[in-house]
């Protein structure tokens, strides 16, 4: 048992505590509280370099509480403390007194994960073991990946789908894995995901174990859909992109915008994302996941600069900036900007 606190941990904690007030203020200054279908309310906010985060509940106060819990859990995760420094110090670490040591980097890279217990159908556990074996990774890593994927999609869908229809879909997905045998397993998640999953389970009056296994099988279902969707989106080139632009009700001049959205370089406004979901016959949440993944996997160009360092975008271009870059007539630009942000 450790009886003394590591001085490095204590210094990092003091630094993190000193940065939290400004960080929370900067992030929540632009947070939005919005009415959603089925009487739900959402709070959305954006973290520079990380992206948009959103939580929903049945009342404004509960939505705000979940947003505070979500952000606090995210910011106080040890692995994210460097990101807080970057957000407050403009991408430098001078406020910390220079570069961190190798031992400090190692300590920052380790996240103290939280353990959740769940009961998996034996067939589902064997499926995860099979994937782990084929990928030369651990069962825990595979299980965690699908749970998080399924949970994030569940949260995104909860903003526009009724709880009844949502859980009917999840129960149907779980049904194919039901067999006579089950096994208790321990799942380890990062603090932010663990806290959010517990809060969500409580909101919907589900046990943590029940919601965890539902998210696991939903993650598998979404991965299958994502593979098919990725192929269809990647085929939208040339004549196909022009046809898609017409299907979306946009002018031909907007083809570069749509192409940028499909590869993740431009952030789609909500109204246009809904149209894309209809065109590709896929949920909005899955399209967002695909576009975000495309941006994260983009190729980094080789630079040959004689002076200075090249700058590579750390987030997709906003819809407003992308529209303005086309220099369209005022009326056409306004029609596009009216699609939202």
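Residue numbers (our numbering): 52 to 392.
Built from N, CA and C at the ideal position, the CB exists for glycine as well.
Reduced DSSP secondary structure (H/G/I, E/B, other) of residue i
| i | result |
| --- | --- |
| residue 136 | With a pLDDT of only 48 at residue 136, under the threshold of 50, the placement of this residue in the model should not be trusted; the figure read from the coordinates follows. Note: residue 136 maps to helix in three-state DSSP. |
| residue 187 | coil |
| residue 159 | Low local confidence applies: a pLDDT of 41 at residue 159 is under 50, so the model's placement there is unreliable, with the coordinate-based value given in what follows. Reduced to three states, the DSSP call for residue 159 is helix. |
| residue 174 | helix |
| residue 103 | strand |
| residue 368 | strand |
| residue 332 | coil |
| residue 233 | strand |
| residue 254 | helix |
| residue 209 | coil |
| residue 301 | coil |
| residue 149 | Residue placement at residue 149 is poorly supported in this model, since its pLDDT is 40, which falls under 50; the coordinates still yield a value, given next. Three-state DSSP puts residue 149 in coil, outside helix and strand. |
| residue 81 | coil |
| residue 377 | coil |
| residue 391 | coil |
| residue 129 | Unreliable positioning characterises residue 129 in this predicted model, as indicated by a pLDDT of 44, which lies under 50. The coordinate reading is nonetheless provided below. In this structure, residue 129 counts as helix in the three-state DSSP scheme. |
| residue 71 | helix |
| residue 180 | helix |
| residue 142 | Interpretation of residue 142 is limited by its pLDDT of 43, a score under 50 that renders its predicted location unreliable; the figure taken from the coordinates is listed afterwards. Residue state, collapsed to three classes: coil. |
DSSP bridge partner residues for residue i (one or two, in chain order)
| i | result |
| --- | --- |
| residue 166 | 239 |
| residue 87 | 91 |
| residue 108 | 92 |
| residue 97 | 103 |
| residue 246 | Answer is none; residue 246 lacks a bridge partner. |
| residue 199 | Answer is none; residue 199 lacks a bridge partner. |
| residue 317 | 368 |
Counted within 10 angstroms of its Cβ, other Cβ atoms place residue i as buried (16 or more) or exposed
| i | result |
| --- | --- |
| residue 234 | exposed |
| residue 248 | buried |
| residue 222 | exposed |
| residue 124 | buried |
| residue 298 | exposed |
| residue 219 | exposed |
| residue 107 | buried |
| residue 187 | exposed |
| residue 279 | exposed |
| residue 320 | buried |
| residue 290 | exposed |
| residue 153 | Because residue 153 sits at a pLDDT of 42, beneath the cut-off of 50, its placement in the model cannot be relied upon, and the following sentence gives the value as read from the coordinates. That one is exposed. |
| residue 168 | exposed |
| residue 375 | exposed |
| residue 381 | exposed |
| residue 253 | exposed |
| residue 93 | buried |
| residue 309 | buried |
| residue 265 | buried |
| residue 104 | buried |
The alpha helix (DSSP H) enclosing residue i, as first and last residue numbers
| i | result |
| --- | --- |
| residue 307 | 306-313 |
| residue 381 | 381-388 |
| residue 263 | 259-285 |
| residue 215 | 214-226 |
| residue 295 | 290-298 |
Hey, is the region 107-124 in contact with the region 221-240, meaning 3+ C-beta pairs nearer than 8 Å?
-> no
State whether the region 219-234 contacts the region 78-89, with contact taken as three or more CB pairs (one from each stretch) at a distance under 8 Å.
-> no
Would you call the region 269-277 and the region 300-308 touching, i.e. three or more CB-CB distances under 8 Å?
-> no
Does the region 196-204 touch the region 271-286, meaning 3 or more C-beta pairs lie closer than 8 Å?
-> yes
Is there contact here, the region 364-381 with the region 312-329, by at least three beta-carbon pairs under 8 Å?
-> yes
Does the region 324-344 come within contact of the region 205-216, defined as at least 3 CB pairs closer than 8 Å?
-> yes
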